[in-house]
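Yeah, the sequence shown ends on 262 if you go by this note's numbering, and it's all consecutive.
Positions of the beta carbon are idealized from the N, C-alpha and C atoms, including for glycine.
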Amino acid sequence: MLLRKTALVLALATAALLASAATATAAPAAPAATTQFAAAAANPVIVVGGLSGVAVAYEPIAARLRADGYRTFIYQLPGLGLGDIPTSARAFAGYVDQVRASTGAATVDVVAHSEGGLVSRYYLKRLGGTATVGRYVSLGTPQYGTYVANIVAFLGLGSCAGVVACQQMTIGSAFLADLNAGDDTPGAVRYTTIRTLQDELVRPTGNAVVNDGATNVLVQAYCPLRVVGHLGLVLDGTAYTIVRGALVDGPVRPNCLAL
């Protein structure tokens, strides 16, 4: 199942890259908009991948960020995120330090997909990451768990087929109980979560939000006809306009027609 998912991610990423190139040829971005967002890009941005998410799958959103002037890095989870989430978070802490050292930036911003949002939030909450992160944006992250993980066990495939991260993303897991104890949004970090009603992997979709002052955005609350899946959150133009607004502390004003 994981091999099929990885193949799907690669296929979608390749298609998105081709579409992005065609769009750039036909309708280049307005220079004024690019200049506006480039000027606001004080922090480097780290795009954090999800479970079985290879780095190339996140190149489409990274390319959008670079086009808007951001110094952008892609972090692929160790072992493709199959292992222990706190262990992945400790590795991520080291990567944040590397980015800060290479760029000279005191803080970074994080745009994290799926499991990557849990890895990043564990870093913020348990590993002192609030001192080095200015903005946290999650895309389809099962902040409070997902029934999909429970279903794997129910179907007799074992405890998430032996995948530790899957076990930890199950609703009611010890990992999530610890992560969600107390304040969901510690520190001075600006927290934004983005979710979609068509998310195939985060069920219920309301579990992709966090409490305590975060900005929680449902794509269809603003764009009811927009169809965006779990993987689509890193490819979709409308979702990206929400990310872009969050990175400049702007109001939630998605472009429902964005490509």
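Of the listed residues L54, G248, V102, P257, nearest to G82 (C-alpha basis): One-based indexing of the sequence shown puts residue 82 at position 79. The shortest C-alpha separation from G82 is found at L54.
As assigned by DSSP and simplified to three states, the class of Y147: For the purposes of this step, residue 147 is taken as the residue at position 144 of the sequence shown. Looking at Y147 - three-state DSSP - the assignment turns out to be coil, as it is neither helix nor strand.
query: What residues in its chain sit with their C-beta under 6 angstroms from that of L179, if we drop five residues either side in the sequence?
result: Taking the sequence shown and counting its residues from 1, one reaches residue 179 at position 176. Same-chain partners within the cutoff: G148.
message: Taking the alpha helix (DSSP H) that G240 belongs to, which residues open and close that run?
response: Residue numbering aside, residue 240 sits at position 237 when the sequence shown is read from its first letter. It spans 240-250 - the alpha helix (DSSP H) in which G240 sits, taken as one unbroken run.
message: Taking 7 angstroms as the limit between beta carbons, can you name the residues of its chain near C169, skipping five residues before and five after?
response: Counting from 1 along the sequence shown, the entry for residue 169 is found at position 166. Counting only Cβ-Cβ distances below 7 angstroms, and skipping sequence neighbours, we find A152, V155, C163.
- request: Please state whether DSSP places I174 in a helix, a strand or coil.
  value: As a working mapping, residue 174 is identified with position 171 in the sequence shown. Note: I174 maps to coil in three-state DSSP.
message: Between which residues of its own chain and P34 is the CB-CB distance below 8 angstroms, once the five residues before and five after are set aside?
response: As a first step, residue 34 is located in the sequence shown; it is residue number 31 there, counting from the start. Residue confidence for P34 is low, a pLDDT of 45 falling below 50, so the modelled location carries little weight; the figure read from the coordinates is stated next. Excluding positions up to five away in sequence, the list is empty.
query: Taking all protein chains shown into account, do 16 or more other C-beta atoms lie within 10 angstroms of the C-beta of F157, making it buried, or fewer, making it exposed?
result: Position 154 of the sequence shown, counted from the start, is the residue given in the question as residue 157. Exposed is the call here.
field: Any non-hydrogen atom of the ligand MN closer than 6 angstroms to N214 Cβ
entry: Questions concerning the ligand MN fall outside what the structure shown contains, since it holds no ligand whatsoever.
- request: May I ask you to report which of helix, strand or coil DSSP gives A65?
  value: Indexing the sequence shown from 1 puts residue 65 at position 62. Three-state result, A65: helix.
field: Supposed contact pair T144 and L121 - C-beta distance, whole angstroms, cut 8 angstroms
entry: For the purposes of this step, residue 121 is taken as residue 118 along the sequence shown, with counting starting at 1. For the purposes of this step, residue 144 is taken as residue 141 along the sequence shown, with counting starting at 1. At roughly 6 angstroms, the Cβ-Cβ gap stays under 8 angstroms, so L121 and T144 are in contact.
message: For H116, list the residues DSSP reports as bridge partners.
response: Reading the sequence shown from its first residue, position 113 is the one you call residue 116. Paired residues: L142.
field: Beta-carbon proximity list for P227, same chain, < 6 angstroms, skipping 5 on both sides
entry: Indexing the sequence shown from 1 puts residue 227 at position 224. Excluding sequence neighbours, P227 sits near nothing in its chain.
field: Run of the alpha helix (DSSP H) containing Y225, from where it starts to where it stops
entry: Here residue 225 corresponds to residue number 222 of the sequence shown, with the count starting at 1. 222-225 is the span of the alpha helix (DSSP H), which, as asked, contains Y225.
field: Alpha carbon of A104 to alpha carbon of V48, nearest angstrom
entry: As a position in the sequence shown, residue 104 is number 101, starting the count at 1. As a position in the sequence shown, residue 48 is number 45, starting the count at 1. Going from the Cα of A104 to the Cα of V48 covers about 14 angstroms.
message: Is it buried or exposed, L262, if we count other Cβ atoms within 10 angstroms and call 16 or more buried?
response: Within the sequence shown, residue 262 is the residue found at index 259, counting from 1. Under this definition L262 is an exposed residue.
Under the three-state DSSP convention, the category R93 falls into: Taking the first residue of the sequence shown as position 1, residue 93 is located at position 90. R93 falls in the helix class under three-state DSSP.
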